[in-house]
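Going by UniProt numbering, the first residue of the sequence shown is number 1, and it counts up by one from there.
I have placed the structure first, in the form of structure tokens, so that the comments after it can refer back to it.
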Amino acid sequence: MGRGFTRAQNMDWKAIVSRLKTFSPRHEAYIETLLRDIVEHYGDRLLVCAVFGSYARRENRLNSDLDLFLILDAKEGFTQRMARFVEHIEMKLDPLAQELYEREGILCEPSPYILMRDEARFVHPIYYDLVEYHVIVHDPHGLMDRIVRGVKAHLAESGARKEAVGTGWLWDVTGAKILKMLELGS
1 MGRGFTRAQN MDWKAIVSRL KTFSPRHEAY IETLLRDIVE HYGDRLLVCA
51 VFGSYARREN RLNSDLDLFL ILDAKEGFTQ RMARFVEHIE MKLDPLAQEL
101 YEREGILCEP SPYILMRDEA RFVHPIYYDL VEYHVIVHDP HGLMDRIVRG
151 VKAHLAESGA RKEAVGTGWL WDVTGAKILK MLELGS
């Protein structure tokens, strides 16, 4: 466990979860346990953990995925990192998730977007959603702030704009540079 466990003990989980829309105490407990387990499992390798999407916008429904953005200081392929997340985080919480669904009809599936530090330097389309709505869980080096500032500048520079489409929206990035590098520091 090591440092991740100590770090997780010192975090104000109630304050973090209170920024998200939850439907019951059991739902809050599931999300708190999930986020705590992420911080504990990855420990010092976890550079960023944030919630984004409908939960960060407080527009989630009873069956919304819980979108998670993670940046790791590790060298793993995509398949390895997803398998590790499923095995060490998601499967561990499966009994609690099943209970949440059976007793309250809440289907809260974690949906992680996991990047390595080098990959995070490129502007990913997912960043457009993160710019406006995210709840930071863990960001000891301020990487999330640098990503948000860099992407905001990139969007402004390229003339990108958010457009309503049906009941949702999308970003018009016509003319945007496809792979701009972000300055994340060392």
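Beta carbons are placed, not taken as given, at the ideal position from N, Cα and C, and that holds for glycine.
Close Cβ partners of residue i (< 7 Å) along its chain, the five nearest in sequence each way excluded
i, result
"PRO111", "The sequence as given places Ser at residue 111; Pro does not occur at that position. Excluding sequence neighbours, SER111 sits near ASP65, LEU66, ASP67 and LEU68."
"ASP172", "ALA160, ARG161 and GLU163"
"ILE71", "LEU47, VAL48, LEU115, ARG117, ALA120 and LEU143"
Contact set for residue i: own chain, Cβ-Cβ below 6 Å, skip 5 residues either direction
i, result
"GLU109", "ASP65"
"TYR127", "VAL151"
Terminal residues of the beta strand (DSSP E) in which residue i lies
i, result
"SER111", "110-116"
"ALA97", "Not the beta strand (DSSP E): ALA97 falls in the alpha helix (DSSP H), residues 94-104."
"ARG161", "161-165"
"ILE136", "134-138"
Identity of the residue in the options nearest residue i by Cα
i, options, result
"ILE114", "LYS152, ARG81 and ILE31", "ARG81"
"GLY142", "ARG117, ILE31, ARG61 and GLU87", "ARG117"
"PRO125", "TRP13, VAL151 and MET144", "VAL151"
"VAL51", "LEU20, GLU87 and LYS14", "LEU20"
First and last residue of the uninterrupted alpha helix (DSSP H) at residue i
i, result
"ASP73", "Looking at the DSSP string, ASP73 is not in any alpha helix (DSSP H), and its letter there is neither H nor E."
Residue i burial status per 10 Å Cβ neighbour count (16 or more: buried)
i, result
"THR79", "exposed"
"PHE122", "exposed"
"ASP129", "buried"
Close beta carbons around residue i, own chain, < 8 Å, minus the five adjacent residues each side
i, result
"ARG84", "GLU76"
"PHE23", "LEU62, GLU104 and ILE106"
Pair every Cβ in the region 150-170 with every Cβ in the region 133-140, then say whether three or more of these pairs are closer than 8 Å.
No contact exists between the region 150-170 and the region 133-140.
Taking one C-beta from the region 25-32 and one from the region 102-111 each time, how about it: are there three or more such pairs within less than 8 Å?
When C-beta atoms of the region 25-32 are compared with those of the region 102-111, three or more pairs fall below 8 Å, so the two segments count as touching.
Validate contact between the region 76-96 and the region 49-65 using beta carbons, cut 8 Å, 3 pairs:
As far as the Cβ criterion goes, the region 76-96 does not touch the region 49-65, which means the pair count is below three.
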